[in-house]
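Before any comments, here is the structure.
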Amino acid sequence: MKYFYLILILGFSYLSLADTENSVLVKGGNVFLPDQGFVKKDLLIEEGKIVSIEDQIDDGVTGKTIYADGKYITPGLVVFSSLGLLEIGALSETNDNSSDIYNAGFDPSKAYNPFSQAVRLNRSKGVTSTVHIPGASGYFSGLLSHTKINNGWKQKKQGPLAVLTSYGQSRGDSRAAELQFMSDLMDFVRNRPEDKANYETDNIQFFFGTQNDYQFTNRDLVAIRKLLSNELPLVVRVNKATDILNVIKFADTEGIELILWEANEAHMVADEIAKAGVPVVLDPLNNIPGSFDSLNATYENVARLNAAGVKMAFYYNQGAGSHNAYLATQSAGNAVAMGVPYNEALNAITKNPADIFGLVDVGQVSVGFEGDIAIWDADPLELTSFVEKVLIDGVEQDLSNRYEELTDRYTKEKDLPNSYRSRE
Amino acid sequence: MIRKLFLSLLLLVLFGCSNDSFPSMQDEAEGSVTKFNNDTHGTYGSTYVPLSSENAVIRNATIFDGLGNMYENYDVHFSDGKIQALGMNLQVDAKEIDGTGKYVSPGIIDIHSHMGVYPAPGVRTSSDGNEATSPVTAEVWAEHSVWSQDPQYKLALAGGVTSFHVLPGSANLFGGRGVTLKNVSANTVTAMKFPDAPHTLKMACGENPKRVYSSRGPSTRMGNVAGYREAWIGAEKYKKSLEKDPSSRNLRNETLVGVLDGEILIQNHCYRADEMATMINISKEFDYKITTFHHAVEAYKIADLLADEGVCAAMWADWWGFKHEAYDMTIANVAIVDQARDGTGCAIVHSDSASGIQRLNQEAAKALAAGNKAGFNISEARAMTWITQNPAKAAGILDQTGTLEAGKNADIVIWDGNPFSVYTKAEHVFIDGALAFDKATQFMPHTDFDLGVKEWEGE
Chain F
1 MKYFYLILIL GFSYLSLADT ENSVLVKGGN VFLPDQGFVK KDLLIEEGKI VSIEDQIDDG
61 VTGKTIYADG KYITPGLVVF SSLGLLEIGA LSETNDNSSD IYNAGFDPSK AYNPFSQAVR
121 LNRSKGVTST VHIPGASGYF SGLLSHTKIN NGWKQKKQGP LAVLTSYGQS RGDSRAAELQ
181 FMSDLMDFVR NRPEDKANYE TDNIQFFFGT QNDYQFTNRD LVAIRKLLSN ELPLVVRVNK
241 ATDILNVIKF ADTEGIELIL WEANEAHMVA DEIAKAGVPV VLDPLNNIPG SFDSLNATYE
301 NVARLNAAGV KMAFYYNQGA GSHNAYLATQ SAGNAVAMGV PYNEALNAIT KNPADIFGLV
361 DVGQVSVGFE GDIAIWDADP LELTSFVEKV LIDGVEQDLS NRYEELTDRY TKEKDLPNSY
421 RSRE
Chain W
1001 MIRKLFLSLL LLVLFGCSND SFPSMQDEAE GSVTKFNNDT HGTYGSTYVP LSSENAVIRN
1061 ATIFDGLGNM YENYDVHFSD GKIQALGMNL QVDAKEIDGT GKYVSPGIID IHSHMGVYPA
1121 PGVRTSSDGN EATSPVTAEV WAEHSVWSQD PQYKLALAGG VTSFHVLPGS ANLFGGRGVT
1181 LKNVSANTVT AMKFPDAPHT LKMACGENPK RVYSSRGPST RMGNVAGYRE AWIGAEKYKK
1241 SLEKDPSSRN LRNETLVGVL DGEILIQNHC YRADEMATMI NISKEFDYKI TTFHHAVEAY
1301 KIADLLADEG VCAAMWADWW GFKHEAYDMT IANVAIVDQA RDGTGCAIVH SDSASGIQRL
1361 NQEAAKALAA GNKAGFNISE ARAMTWITQN PAKAAGILDQ TGTLEAGKNA DIVIWDGNPF
1421 SVYTKAEHVF IDGALAFDKA TQFMPHTDFD LGVKEWEGE
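Chains as they are written, first to last, in my numbering: chain F, 1 to 424; chain W, 1001 to 1459.
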């Protein structure tokens, strides 16, 4: 009882002392709560954080109110992409997402460009942050990290979150040899004196490595050590069911935390994945037997994994990929059509990415979480719905983008030559 | 081992055929110097035989007829492979299919597919879509690369696709002939070929040819254009030479002359608006018609020109950014093209993807929503034409399919809800009146490649 009053007093004083300049009330909308789905609630955000979710919050408490009657409010989408690191796919000069120098230790997030047109488009479609998926050319693809995609020069970042590699036919050598190599590499790093890391700065070659695939700099070995000390999980892009089992066994033997990526045949070993407590990040739309590693690819992948109790996060990996990362909603909508419960599908593009990668205070509309939300005119997973407002850290975002401007230029003021039409 | 044997047999068959083809081709050519340019009945003609058609009536459904109309509580009767009637309370003696709460549309048609020529699994040994050995390979035919056992066909069928147009890739200025296929299971390509569908010729603008041939040329867009023009000049010469010697064969020029004679339809990969306009100029110089621009990311910039010239634009709803010429994307592209010159534009949503072809209805939905957000007032019924009537027109098969009209092929999809919703699935697909796909029973054709793969089934 004592605590109740304390909370009441603290809560009240917090409210009354709040700086109304930095607070926003979202009123009357259907708010997506992680365990309940859409519920009509009012939402108060102060100093960038969600401080209150109630049936009714008086709009006298704040300077700014967004009336959201009939609207749908979700956490901002957390996508997996190269947003801000890649402007045009085929132009390597606009690609900061790959490295030939580093692999496991490669962190592309410092190159993030907040003014990328792809960033602006995706923000206007409800994305509030991205997990960067690195694309280094070596044995590991690099470090995953998380960046908010708000306007302006400064972005909140979290990470590094994990190290990415791949296993299966994408590697040139025998699967057996690759497993042996990974195991030897872990032994090498484990037995490497800690202090060596401090003076050994030269590019070292592991064993007989002459190809880039088998070269590691000190920075890479430091990142690999973090796998062994469980500071970072290992994300493995792997599809074939037998490979998935081998990777689970490998991670278990080495004492490494594992996250599966892509995993087209995961449904065949769903129970084993569930038993190992390994989460899976995948695109529900991958149903093509596109390689001999994915002969059993099926639309049913996500429903089977869900039934087995596997934790999943979804991304969109069709067509233009990262540039359309916001279409994670389409992937999630299709997952619903395939039998994944609606709330689970929406969590898979908001809350679950945060849970799986240990992101702090993002990915859900809950008290104490950061005020990253999207306000939709209708069901956010439906193809014909639109985002009307996006808040990141409680700040309403500029949703203008080059593609809306192009649309306007060619649908309005058509009597003027193109170049003289408005430029917003 | 068996697969190896199959491959060598296949090679043998192909080699065996090529020697025998000349006499009959020349027979076909008799009386017309260019008849072999569009060989639909001769050696390579369709041998398609439909499955036996149902005599059925779908009752009380919401119907998109593919002509831009929507009818509620309507019936569709089909038998003998053809659509017999649309109407309310049709008085017919036929198998009853309850369409209450369902939607019915024409079979979906994709004007841009590489299924069969880039089959799954994607391995070097069956990557047969680009004869990237010369900038001009008008002599190659995509149908001669198609693998009839590609496991991707049935995935498209589950998305309502009843016909699709297979094109060579875009490495070359002239990539070769395209072929329209029925989405049916068959052991030969000719048995999949859409009867009486015209041949097409793939051309490609822009980045791809100039990149692939940068060392030997063309290495610029102006080099590309010179390459097209030189090829057409060569075709004109060849056409003249046929007057003296009608039997002289030249595979490359036969295709090009087929275009000049209006028998072969041009399918032109072209992203940028200014390049499309240039391609139209070239078509006027040599007096041929461009049927469709494909991947026309910038079509909206010249939507009026395309409508005036009667050229269709085949577009993705929202793909962009993977290359420079795909940078100026707007999701309203399809709608702007559709609405040009008082709605006389010919807009098509295409896939170019074995994934996208499975959800052309969803792609059309996004394009429709973006168009209406941009201020148009386009109906769902109209948007349905983007993936039915218009691609049928672009493939030259609109007289046979693409709309639900009496007398046309009974290529029909029954959807379990509104096809413009992400949650909707095709329930039944009929091709020429025969049931080709049934979602509830998972009735669908499995290719030979599928056999033995799905070890998890039945567990």
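Quick reminder that beta carbons are idealized off the backbone N, C-alpha and C, glycines included. Since we're looking at a predicted model, the values are computed, not measured.
Runs of the beta strand (DSSP E) spanning 3 or more residues and lying entirely within the region 1036 to 1119 of chain W occur at 1056 to 1064, 1070 to 1079, 1082 to 1087, 1095 to 1098, 1103 to 1106 and 1108 to 1113, in chain order. Each residue's CA atom was taken as its position, placing residue 1336/W and residue 1367/W some 10 angstroms apart.
Per DSSP, residue 409/F has no beta-bridge partner at all.
In the DSSP annotation of this structure, residue 366/F is not part of any beta strand (DSSP E), being labelled neither H nor E. The contact set of residue 316/F on chain W, defined by CB atoms closer than 7 angstroms, is empty, because the minimum CB distance reaches about 11 angstroms. As a beta-bridge residue in DSSP terms, residue 1348/W pairs with 1314/W.
Going by DSSP, residue 1288/W is part of no alpha helix (DSSP H) at all; its letter is neither H nor E. Residue 1258/W and residue 1179/W have their alpha carbons spaced roughly 14 angstroms apart. In the three-state scheme derived from DSSP, where H, G and I count as helix and E and B as strand, residue 403/F is classed as helix.
Proximity of residue 1324/W to chain F, defined by a Cβ-Cβ separation below 7 angstroms, is satisfied. Taking C-beta atoms as the reference points, residue 1116/W and residue 1169/W fail to come closer than 7 angstroms. Setting aside the 5 residues that flank it on each side, residue 156/F is surrounded in the same chain by 148, each with a C-beta closer than 6 angstroms to its C-beta; the list follows chain order. Ranked by Cα distance from residue 52/F, the options 36/F, 260/F, 114/F and 25/F are led by 25/F. Take residue 1212/W, set aside five residues on each side of it, and the residues of its chain with a beta-carbon closer than 7 angstroms to its own are 1132 and 1171, in chain order.
With respect to residue 1099/W, residue 1060/W sits close: the two C-beta atoms are nearer than 7 angstroms. When beta bridges are read from the DSSP output, residue 230/F appears opposite no residue.
Near chain W, meaning a CB-to-CB distance below 7 angstroms, no residue of the region 244 to 257 of chain F qualifies.
The contact set of residue 291/F on chain W, defined by CB atoms closer than 9 angstroms, consists of 1120, 1121, 1122 and 1123 in chain order.
A check of alpha carbon separations from residue 169/F across 271/F, 241/F and 274/F identifies 241/F as the nearest. Straight across, the Cα-Cα distance linking residue 132/F with residue 89/F is about 15 angstroms. Chain-order list of chain W residues neighbouring residue 336/F: 1423, by C-beta distance under 7 angstroms.
For residue 1336/W, the residues of chain F that pass the 7 angstroms Cβ criterion are 410 and 411, in the order they occur in the chain.
For a cut-off of 8 angstroms, the C-beta gap from residue 1108/W to residue 1348/W is around 11 angstroms, too long to register as a contact. In the DSSP assignment, residue 312/F falls within the unbroken beta strand (DSSP E) covering 312 to 314.
Within chain F, 324 have C-beta atoms less than 7 angstroms from the C-beta of residue 1318/W, given in sequence order. Straight through space, the alpha carbons of residue 43/F and residue 54/F are spaced by roughly 7 angstroms.
Three or more pairs of CB atoms, one per stretch, sit closer than 8 angstroms, so the region 32 to 49 of chain F contacts the region 69 to 81 of chain F. Pairing residue 1160/W with residue 1413/W, the inter-Cα distance amounts to about 6 angstroms. The Cβ atoms of residue 1048/W and residue 1195/W sit closer than 7 angstroms to each other. Check the Cα spacing between residue 1067/W and each of 1346/W, 1426/W and 1441/W: the tightest is with 1346/W. Shown here, residue 281/F sits in a strand according to DSSP, grouped into three states. Contact between the region 1140 to 1149 of chain W and the region 1085 to 1098 of chain W is absent, with fewer than three C-beta pairs closer than 8 angstroms. When DSSP assignments are scanned along the region 151 to 199 of chain F, the uninterrupted stretches of alpha helix (DSSP H) that are 4 or more residues long and fall wholly within it turn out to be 175 to 191 and 196 to 199.
Of all residues in the region 1296 to 1309 of chain W, only 1300 and 1301 place a beta-carbon less than 7 angstroms from a beta-carbon of chain F. The beta carbon of residue 288/F falls within 7 angstroms of a beta carbon belonging to chain W, placing the residue at that interface. Residue 1339/W sits away from residue 1293/W, with the two beta carbons spaced by 7 angstroms or more.
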